[in-house]
Amino acid sequence: MADQDLRSFVRAYGRAHPGEVIHVADPVSIEEDVMALVLEYERRRRYPILFFEKVEGSDIPIVCNVVASRRALAWALGVSPTALAAEYARRIKDHIKPLVTPSPAFHQRVLTGSALDLAALPIPRYFPGDAGRYLTAGMLVARDLDTGVETEGYHRFQVKGRDRMGVSLHSRRRMFEYQRRAEATGRPLPCAVVLGLHPLVSMGSLAYPAPDVGKFEVVGGLLGEPLEIALCTAIDLHVPAAAEIVIEGEILPNVREPEGPFGEFTGYVSRRSTEHVFVATAIAMRERPWFQSIGSGRAGDHITTLGLVREAEIANALARVIPNVRGVHVPLSGTSSFTAYVSIAQSRPGEAKHVIPIVLGVDHYLKLVIVVDDDIDVFDEAEVLWAVATRMQADRDLVVIAGSLGAMLDPSADDRGVTAKLGIDATRPFGEPFAEKLVMTPEKMAWARALVDRLAQR
Numbered sequence: 023m024a025d026q027d028l029r030s031f032v033r034a035y036g037r038a039h040p041g042e043v044i045h046v047a048d049p050v051s052i053e054e055d056v057m058a059l060v061l062e063y064e065r066r067r068r069y070p071i072l073f074f075e076k077v078e079g080s081d082i083p084i085v086c087n088v089v090a091s092r093r094a095l096a097w098a099l100g101v102s103p104t105a106l107a108a109e110y111a112r113r114i115k116d117h118i119k120p121l122v123t124p125s126p127a128f129h130q131r132v133l134t135g136s137a138l139d140l141a142a143l144p145i146p147r148y149f150p151g152d153a154g155r156y157l158t159a160g161m162l163v164a165r166d167l168d169t170g171v172e173t174e175g176y177h178r179f180q181v182k183g184r185d186r187m188g189v190s191l192h193s194r195r196r197m198f199e200y201q202r203r204a205e206a207t208g209r210p211l212p213c214a215v216v217l218g219l220h221p222l223v224s225m226g227s228l229a230y231p232a233p234d235v236g237k238f239e240v241v242g243g244l245l246g247e248p249l250e251i252a253l254c255t256a257i258d259l260h261v262p263a264a265a266e267i268v269i270e271g272e273i274l275p276n277v278r279e280p281e282g283p284f285g286e287f288t289g290y291v292s293r294r295s296t297e298h299v300f301v302a303t304a305i306a307m308r309e310r311p312w313f314q315s316i317g318s319g320r321a322g323d324h325i326t327t328l329g330l331v332r333e334a335e336i337a338n339a340l341a342r343v344i345p346n347v348r349g350v351h352v353p354l355s356g357t358s359s360f361t362a363y364v365s366i367a368q369s370r371p372g373e374a375k376h377v378i379p380i381v382l383g384v385d386h387y388l389k390l391v392i393v394v395d396d397d398i399d400v401f402d403e404a405e406v407l408w409a410v411a412t413r414m415q416a417d418r419d420l421v422v423i424a425g426s427l428g429a430m431l432d433p434s435a436d437d438r439g440v441t442a443k444l445g446i447d448a449t450r451p452f453g454e455p456f457a458e459k460l461v462m463t464p465e466k467m468a469w470a471r472a473l474v475d476r477l478a479q480r
């Protein structure tokens with residue numbers, strides 16, 4: 023089997039992309055230092071993987087920014103960045119069942135009883151307004167207690183004690199539903215918080231498979247082979263065998279405690295939370311583990327994968343009913359969650375407006391959809407906004423949906439996460455005369471490129 027662990031990926035990516043894995047030998051504090059360095063690199067439009075060798079108060083190194091760039095995600099899939107979304111959309115439809123393996127590396131050290139203490143891990147504080155130290159790269163794994171179907175997803179965990187964390191299930195998808203069903207019968211939800219994973223495992227955990235499909239099968243499709251999984255040390259649950267650290271435990275039923283505030287993907291301090299409580303029963307880890315961190319707020323490490331997954335899910339949904347979709351982009355400017363751009367080659371009247379409710383129905387987080395013609399590059403926001411400015415008329419081209427399910431963390435939504443949604447048809451009126459777009463001939467542009475290249479060499 024191919025390497026399915028984080029270490030192999032980071033080392034191979036560093037060899038293939040010199041300068042894109044940066045080892046930080048200077049000592050760093052877990053109090054905001056990691057986040058500050060991520061922000062400074064992003065200010066310079068760089069998204070390297072960062073490996074912090076010396077963390078004050080810990081002998082465990084921190085690695086972050088693993089999933090911060092489309093280049094890294096594309097390299098993990100073995101494609102170019104321009105082919106990333108299409109390849110991801112194709113592979114998440116190929117489900118391969120996982121393979122159980124004995125003796126995983128995370129069984130090498132196990133902390134239980136009085137030895138169990140979350141303080142053993144270098145869990146950072148990210149922003150000054152955070153309520154405490156947060157696990158951000160912990161992939162939560164659980165099984166539906168009724169159907170047995172497993173699921174995974176990323177949720178924020180606030181450290182509250184040696185074995186206690188607050189967790190917010192605010193995405194209100196499968197994990198939220200699994201916990202709700204368990205709680206309805208008074209049962210805790212056994213689960214594990216898994217840290218240190220190959221990017222394809224992370225990417226697969228964010229997909230939206232059918233209710234009867236476990237996400238480990240989706241990850242297998244991305245890998246092109248079965249995901250190796252292994253049994254936890256203290257609970258009856260399987261997790262990725264190549265994990266660095268696994269915190270085993272359960273989410274308590276009918277217990278809520280204040281959690282947050284925390285700097286969320288919206289770019290704002292969020293005080294909204296489902297306020298669930300996780301209690302750890304064991305911490306299992308490699309002999310010398312890596313601690314993976316994901317930057318909070320609007321950091322690329324936090325939101326790049328969110329946009330990719332939504333692009334793929336939108337493309338797959340549209341492909342079933344719209345045969346001429348040319349591009350889909352969920353931009354960073356919309357937090358990789360709230361905004362989507364779609365380009366189509368119009369073939370029927372009303373087609374652009376038909377796209378809008380389909381896209382909004384893919385994910386309740388989406389609240390703004392802009393549809394453009396196929397001469398517009400959806401990855402160029404200046405072109406998208408130019409189309410809105412010159413092809414849209416507000417009295418005919420806007421679709422507004424009031425009182426819809428939205429994102430609980432959207433600061434403009436109400437406290438229940440109810441929001442309004444907007445669709446903009448920024449296409450030329452189908453079958454009607456319209457102003458001709460200014461376009462230079464390909465021959466002249468080829469001549470100009472060649473001349474500029476020669477001038478640059480003088």
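23 is the number of the first residue of the sequence shown in our numbering; add one for each residue after it. Heads up, the beta-carbon is just placed ideally off N, CA and C, and yes, glycines get one too. Given the structure is predicted, the values throughout are model-derived calculations rather than measurements.
Continuous beta strand (DSSP E) stretch holding residue i: start and end
i: I380; result: Per DSSP, I380 belongs to no beta strand (DSSP E); it is in the alpha helix (DSSP H), 373 to 384.
i: A424; result: 420 to 427
i: R165; result: 161 to 165
i: A96; result: Segment 92 to 99 is the alpha helix (DSSP H) holding A96; no beta strand (DSSP E) there.
i: V43; result: 43 to 46
i: Y176; result: 172 to 176
i: R112; result: Unbroken run through R112 is the alpha helix (DSSP H), 106 to 113; no beta strand (DSSP E).
i: H351; result: 347 to 351
Contact belief for residue i with residue j at Cβ below 8 angstroms, rounded distance in angstroms
i: A105; j: E333; result: Their Cβ separation, rounded to whole angstroms, is 12 angstroms, which puts A105 and E333 out of contact at 8 angstroms.
i: K237; j: G246; result: With 8 angstroms as the limit, K237 and G246 do not qualify as a contact, their Cβ atoms being about 16 angstroms apart.
i: I84; j: P144; result: 6 angstroms
i: L167; j: R203; result: 7 angstroms
i: V384; j: I336; result: 5 angstroms
i: F300; j: V189; result: 5 angstroms
i: C254; j: A306; result: 7 angstroms
i: L444; j: T296; result: That belief does not hold up - the Cβ atoms of L444 and T296 are roughly 27 angstroms apart, past 8 angstroms.
i: L95; j: T327; result: 7 angstroms
i: I82; j: F313; result: 5 angstroms
i: F401; j: H351; result: 5 angstroms
i: V268; j: A214; result: 5 angstroms
i: E53; j: R147; result: 5 angstroms
Alpha helix (DSSP H) segment containing residue i, residue limits
i: T303; result: From DSSP, T303 is part of no alpha helix (DSSP H) but of the beta strand (DSSP E) over 298 to 307.
i: L330; result: 322 to 341
i: R203; result: 196 to 206
i: V406; result: 403 to 413
i: V223; result: 221 to 227
i: R29; result: 28 to 38
i: K237; result: 237 to 245
i: R155; result: Here R155 belongs to no alpha helix (DSSP H), and DSSP marks it neither H nor E.
i: A442; result: Counting along the chain, A442 falls outside any alpha helix (DSSP H), though it belongs to the beta strand (DSSP E) covering 440 to 447.
Residues that DSSP places opposite residue i in a beta bridge
i: C86; result: L72, S315
i: A468; result: DSSP lists no partner for A468.
i: C254; result: DSSP output for C254 lists no bridge partner at all.
i: P212; result: E272
i: L133; result: I305
i: T123; result: Bridge partners of T123: none, in fact.
i: E394; result: Rather than Glu, the amino acid found at residue 394 in this sequence is Val. Paired residues: S365.
i: G12; result: With the chain covering 23 to 480 only, the question about residue 12 has no answer from this structure.
i: E53; result: R147
i: M187; result: V181, F300
i: L217; result: I267
i: G356; result: According to DSSP, which records beta bridges pairwise, G356 is partnered with nothing at all.
i: P262; result: I251
i: V77; result: V50, S80
i: F128; result: Partner(s): none; F128 has no beta bridge.
Where residue i falls, given that 16 or more other Cβ within 10 Å makes a residue buried
i: A232; result: exposed
i: W469; result: exposed
i: G285; result: buried
i: N87; result: buried
i: K466; result: exposed
i: A374; result: buried
i: G428; result: buried
i: S30; result: exposed
i: G160; result: buried
i: F456; result: exposed
i: K76; result: exposed
i: S315; result: buried
i: L388; result: buried
i: Q201; result: buried
i: R471; result: exposed
i: K119; result: exposed
i: G425; result: exposed
i: T158; result: buried
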